[in-house]
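To start, the structure itself, in structure tokens.
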Ligand code: HAM
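In the working numbering, the protein residues as written are 34 to 447.
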């Protein structure tokens, strides 16, 4: 019979790998709470129009990569490709926003994008997100970047590059777009890839982000956004840089950094690693002040980032699992039930360990005890069962093996 296999681009995380995810989440909770963030959990499934309206119809994410399907009543639903849109929806729907109030949320969870799977790129992947609502100031962007760097440092990841740019606002970006369009006109359109020929009309900035070598070469001399910022955007961007400089946080200015989602204005950033293959972006984010209004909320500034957990996991060493306290070796089948009850008493006292099911030879049980890494091997066979005793063998150190009444052993470890 043919076996059922998982869906392409989806991954199972067994304990060793899952431990890295638990570690990343725990460290994020610790760091983010120091910056005043609280956890928000939002649904994985949302109405398709939420993503169309927020991420943008002409982005790769909405145009090509969403897992979208009708529900039983023919309403179009989408597995979230990112968290920001859902967090914004929840924020608006909860009506918790009051003018002047700043709200900070973080989220963890799986995201879904129908991309070509490769190292560091999956169709189900996990993000850690952080969003700040109600703070238009440059300080909020700088705080996020500082928090992100502090978090990554706490994982021992110091070889990462922060790339920074400003995408301007609804005032100055149209002027820049016009300059870009003029530039493209000065080139032979046929030399651009098919996607870029379309993007030139729909979203000229995205051409700057194209990975096709011919397009990259063609945009090498294109005008840069940072030469077209209005005075307010210029000051905002300068403030972000001053704070990062003051904190000694190193970054690289990349005026070609445009990000793949349409909602950004002003500050945008990515964190890259050149040690994990071609998918270098470990995290990315930026400001998206107009989105809350576009989705039916009031005027409320917003800024945030997301970290790709799979890409981070590629950079982390194996997380060492904590050694168990005991391994309870059953060497007589008849002692199996008694052993389970004894192990339960140890677990009730807070000790961690495993018990072998059924009987087995002393030799095979000792091998299993060694493999488990437990500090102590407890042996229960026919004699122990009859006498109500337990045999204790230390796996570390020179201590002699000894047999003692079970009650005495339990009392001794209180
Ligand atoms: P994004 O740049 O699309 O931004 O994704 C953030 C991170 O998610 C990427 O830097 C990457 O590490 C990871 N990622 C994206 N796609 C995949 C994939 N197919 N497989 C594995 N990892 C992936 C956002 O999603 C924005 N919502 C970030 C944000 C939050 N902006 C403001 N607030």
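All residues carry an ideal CB built from backbone N, CA and C; glycine is no exception. These numbers come from a predicted model, not from an experiment.
When 103, 136, 90 and 97 are compared, the shortest CA-CA separation from residue 65 is found for 136.
When beta bridges are read from the DSSP output, residue 197 appears opposite 286 and 302. In this structure, DSSP gives residue 216 a helical state, which the three-state scheme calls helix. Exposed is the label assigned to residue 307, since fewer than 16 other Cβ atoms lie within 10 Å of its Cβ. For residue 85, the shortest C-beta to heavy atom distance toward the ligand HAM is 7 Å or greater. With fewer than 16 other Cβ atoms inside 10 Å of its own Cβ, residue 191 counts as exposed.
Considered as a whole, the region 63-129 harbours 78-80, 100-103 and 109-112 as its complete beta strand (DSSP E) runs of no fewer than 3 residues, in chain order.
Proximity of the region 177-185 to the region 280-288 meets the contact definition, three or more beta-carbon pairs being nearer than 8 Å. For residue 294, the shortest C-beta to heavy atom distance toward the ligand HAM is below 7 Å. With 16 or more neighbouring CB atoms inside 10 Å of its own CB, residue 386 falls in the buried class. Here the C-alpha atom of residue 289 lies approximately 9 Å from the C-alpha atom of residue 259.
The region 337-355 and the region 150-164 touch, with three or more beta-carbon pairs separated by less than 8 Å.
Beta-carbon to beta-carbon, residue 222 and residue 231 are separated by about 11 Å, too far to satisfy the 8 Å threshold. Residue environment analysis places residue 47 among the exposed positions, since fewer than 16 neighbouring C-beta atoms fall within 10 angstroms of its C-beta. By the Cβ-count criterion, residue 241 is buried, with 16 or more other Cβ atoms from all chains shown falling within 10 Å of its own Cβ. In the structure shown, the three-state DSSP call for residue 311 is coil. As computed with DSSP, residue 259 is found in no beta bridge at all. Here DSSP, grouped into helix, strand and coil, assigns residue 389 to coil. Not one heavy atom of the ligand HAM is found less than 7 Å from the C-beta of residue 149. Residue 284 has its CB no nearer than 7 Å to any heavy atom of the ligand HAM. In the same chain as residue 297, and ignoring 5 residues on each side of it, the C-beta atoms closer than 6 Å to its own belong to 200, 319 and 321, in chain order. Residue 76 has its alpha-carbon roughly 19 Å from the corresponding atom of residue 337. Distances from the CB of residue 315 to the heavy atoms of the ligand HAM include at least one below 7 Å. Per the DSSP secondary-structure output, residue 161 pairs in a beta bridge with 141 and 340.
Excluding sequence positions up to five before and after residue 99, its CB lies within less than 6 Å of the CB of 111 and 114, all in the same chain and listed in chain order.
A distance criterion of 7 Å places the beta-carbon of residue 338 in contact range of the ligand HAM, judged by its closest non-hydrogen atom.
Taking the Cβ of residue 327 as the reference point, every heavy atom of the ligand HAM lies at 7 Å or farther away. Under the rule that a run must span 3 or more residues, the beta strand (DSSP E) segments found entirely inside the region 367-418 read 386-388 and 409-413. Here residue 214 is exposed: its Cβ has fewer than 16 other Cβ atoms, across all protein chains shown, within 10 Å. Here the alpha carbons of residue 432 and residue 408 stand approximately 12 Å from one another.
Residue 183 and residue 439 have their C-alpha atoms roughly 49 Å apart. For residue 436, no alpha helix (DSSP H) segment is defined; the enclosing uninterrupted segment is the beta strand (DSSP E) at 435-438.
In the DSSP assignment, residue 426 falls within the beta strand (DSSP E) that extends over 422-427.
Beyond the five residues adjoining it in sequence on each side, residue 171 comes within less than 6 Å, by CB distance, of 269, 272 and 273 in the same chain, given in chain order. The alpha carbon of residue 413 has as its nearest neighbour, out of 406, 430, 394 and 304, the alpha carbon of 394.
In this structure, residue 309 sits near residue 348, with a CB-CB distance shorter than 8 Å.
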